[in-house]
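Reading through the C-alpha cells given below for one structure.
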Amino acid sequence: MIDDSLRALGDPALLNIVFLTFRVTGLALVIATAIGVPVGAAVGLARFPGKRLVTLILYTGMGLPPVVVGLWVYMLLSRSGALGSLAWLFTPAAMVLAQTIIAFPLVAALTMSAVEGVDPELRLQVRALGATRRQSSWIVLREARIGLTAAIVAAFGGIISEVGAVMLVGGNIEGHTRVLTTAIVLSTRQGDFGLAMALGTVLLLLALGANAFLLQLQGRAR
Amino acid sequence: MKAGATPAYALQGIRHRYGDRTVLEIDRLEIAAGRTLGVVGPSGAGKSTLLRLLQGLERPAEGEIRVDGELFPYPAPLALARRITTVFQRPAMLDRSVRDNVTFGLRLRGKAEEPVVDALLERLGLAPLARADARKLSGGETQRVALARALAVEPDVLLLDEPAANLDPAHVALVEALIRDVQARGTTIVLVTHNTHEARRLAHETLLLLDGKMVEAAPTAAFFESPTNARTRAFLAGELVY
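As you go down the protein sequences, you meet chains B and V in turn. Per the working numbering, the first sequence starts with residue 1, numbered consecutively. Per the working numbering, the second sequence starts with residue 1, numbered consecutively.
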C-alpha cells in the first residue's frame, strides 16, 4: 500500500488535482473574505432592528451542511434554474460558488464576534481623538485582527475539507473538476486505498502549510 | 475657542436620558472660552455624561448646545470634532506601543510625527516607556499616555475626566503643571473631578452636579469660600448629599 502511495505521489495528474483544489478553495476564500469581513464588521459595529435575527442567521449559516449548499447551487445552476444560463454546472466556477456560500457565514459570523470583542469604549475614544467613521471602523478591524485571521483560518478549514458540495456541483470529472476530497472518495470506492491515503496525506499537508502561513500572519499581527 | 466674549459652550435646557432615567439636567450653562471649568460631584452625578455631550459623542435628548455661538450639529463636522478632545476616565489604549498611541491623533489628521510627541513623552515621564506595549501599563501610566495622546493634537477644547485619579502625588503635580501650561495657551478646559482640591487648584469656575442636576456654578474662589447653596456647603463639608 505504501508503494502504491509513493507511486501516486509522483503522478502528474495529482498535481492537476492539487492545483485545482487550491484554485477553487483559494478563490472561494478570497471572495468570502472580501464580502464576509465587511458584512461581519458592519453587523458587529452597527445597532439596528433585527440585529439578533441577522446574528442568528449567520450563526446558523456556520453549520450549513455542504451537501445542502451543493443541492441549492445545483438547483440554481441546473438548466431550469435561475442561473442556468451561465452553464456553470459541473465546472470549477460552480464549485467556487458553492464553497463561497459555505465560507461566507463562517467569515462573517466570526468577524462579527471579533469586532464585538473590541472594547466599545475604544471606538468612542478613537472618535474623540478625531477619527472619521471610516477611520474608526478600520481601527476596530485592526484591533480585531487576530480574531479576523481566526475567521479566515476557520473558513479555509471548512471548505478545503468539504466534499459534499464540490461533488454535487462539480461532478468529480477527471482533469476538469476533480479535487482532493472528491478524488479520495473515488479512490476509496474503487478500493484503491493506497491512492486514497496518499491523497489524504497531501490534503493534510496542504492544509498544514496554508494554516502555517495564516498563523504566521496572525503572529505578525500580535 | 480662544478667550473672547462669545462663550466656548452655551448649554440651554439640556435633558439627557438613558432609557427612562434622566441622567443630566442643566437649564443653562456657559463655559467661557480660554477658561477652565471644574465639574465636581460624587460618582454617578452625570459628570462624565456632560463631557460626552460636550465632545459630541452623544446628542442631548432635549435642549441645545452652542459652540462658539453656533448650534452644535450632529454628527459634528470633522473640522469641529477635531478641535475638541477628551481624556477619558478609563482610557482605552490601542494595541500598539506607547509612542504609537501618543502619535495616533496626529496620524488621523495626516500629520507627521512632530517634536511635540517627544516633548510630551519626556514631560510626562513616559520616554523610557515609549516602545512598551500600551496595554501592559499600570493605571497611572495609562492615564499619562491618554493625556499625552490628547495634548499631542493641541485641541482648542480639552475635556478631562478625572485626569489624576490613578496618579501618585509626584505625577499629580506633573500633570497639573502640564494642565497649567495648556491653560496658558488659551485652551478651554472642562475638568471633571471628584477631588475638590484639584478643582480648587486648577479651575477658574467650578460647578457642582448632584444626581444629574446642576446645583451651583460660580467662580472657583466664591464656590469654595462662600457657596450659596446649602447642598454645595454640605457637599464641600464631606456630608452625604445624595
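Don't be surprised by glycine CBs; every beta carbon is placed ideally from N, CA and C. Please read these numbers as outputs of a predicted model, since none were measured by experiment.
Along chain B, which residues have their Cβ under 7 Å away from the Cβ of V/D95? E143
What in chain V is Cβ-close to B/G130, meaning under 8 Å? L78, A81, R82, T85, G105, L108, R109, V153
Identify whether V/K2 lies in helix, strand or coil by the three-state DSSP scheme. No answer about V/K2 holds up, because its pLDDT of 47 lies below 50 and its placement is not dependable.
Flag this pair as yes or no: are the beta carbons of V/V192 and V/S43 separated by less than 8 Å? no
Which bits of chain V does B/E121 rub up against, with CB to CB less than 9 Å? F88, R90, P91, A92
Give a yes or no on whether the minimum CB-CB distance between V/Q55 and chain B is below 8 Å. yes
What's the C-alpha gap between B/V179 and B/L97? 15 Å
Endpoints, beta strand (DSSP E) assigned at V/D27: 21–31
In the DSSP assignment, find the unbroken alpha helix (DSSP H) run with B/G40 in it and report its ends. 12–45
Using 10 angstroms around the beta-carbon of V/G238, count the other beta-carbons present and answer buried if the total reaches 16, otherwise exposed. exposed
Let me see if you follow: with CB-CB separation under 8 Å, is B/L86 close to chain V or not? no
Using the Cβ count rule (16 or more neighbours within 10 Å means buried), how would you classify B/H176? exposed
Secondary structure at V/P77, three-state DSSP: helix, strand or coil? coil
Assumed close pair V/V87, V/L178 - CB separation to whole angstroms, cut-off 8 Å: Actually they do not touch by this definition, with Cβ atoms about 11 Å apart.
Spell out whether any CB of chain B is found under 8 Å from the CB atom of V/R201. no
Going along chain B, which residues have a C-beta under 8 Å from V/R149? L129
Please report whether the beta-carbon of B/I218 lies at a distance below 8 Å from any beta-carbon of chain V. The identity of residue 218 of chain B in the sequence shown is Gln, whereas the question assumes Ile. No, B/Q218 does not count as interfacial toward chain V.
Which residue or residues does DSSP assign as beta-bridge partners of B/K51? DSSP lists no partner for B/K51.
From B/L45, B/E162, B/A155, residue whose alpha carbon lies closest to that of B/T33: B/A155
Cα-Cα separation, V/P75 to V/G56: 7 Å
Since V/L37 sits in a beta bridge, which residues does DSSP pair it with? V/V190, V/E205
Where does B/L208 land, buried or exposed, given buried means 16+ other C-beta within 10 angstroms? exposed
At a CB-CB cut-off below 7 Å, which residues of chain V make contact with B/L124? L57
Find the residues of chain V that neighbour B/Q135, judging by a C-beta separation of less than 9 Å, and give them in chain order. L108
For B/R52, collect the residues of the same chain with a Cβ closer than 6 Å to its Cβ; drop the 5 residues on either side in sequence, then sort them by chain order. none
With H, G and I counted as helix, E and B as strand and the rest as coil, what does DSSP make of V/A152? coil
At which residues does the alpha helix (DSSP H) containing B/M95 begin and terminate? 92–116
Using 10 angstroms around the beta-carbon of B/E121, count the other beta-carbons present and answer buried if the total reaches 16, otherwise exposed. exposed
For V/L182, the three-state DSSP class (helix, strand or coil): Contrary to the premise, residue 182 of chain V reads as Val rather than Leu in this sequence. In the structure shown, V/V182 sits in a helix (DSSP, three-state: H, G or I).
State the Cα-Cα distance for the pair V/N101 and B/T132, rounded to the nearest angstrom. 17 Å
Have a look at B/V153 and B/S85 and give me their C-alpha separation to the nearest angstrom. 34 Å
Quick one: Cα of B/A42 to Cα of B/I35, how far? 11 Å
The beta strand (DSSP E) that contains V/Q12, what's its start and end? 9–18
Between B/R23 and the rest of its own chain, which residues show a CB-CB distance below 8 Å, the 5 nearest in sequence each way excluded? P92
Pick from B/L199, B/V68, B/Q216: whose alpha carbon is nearest that of B/A13? B/L199
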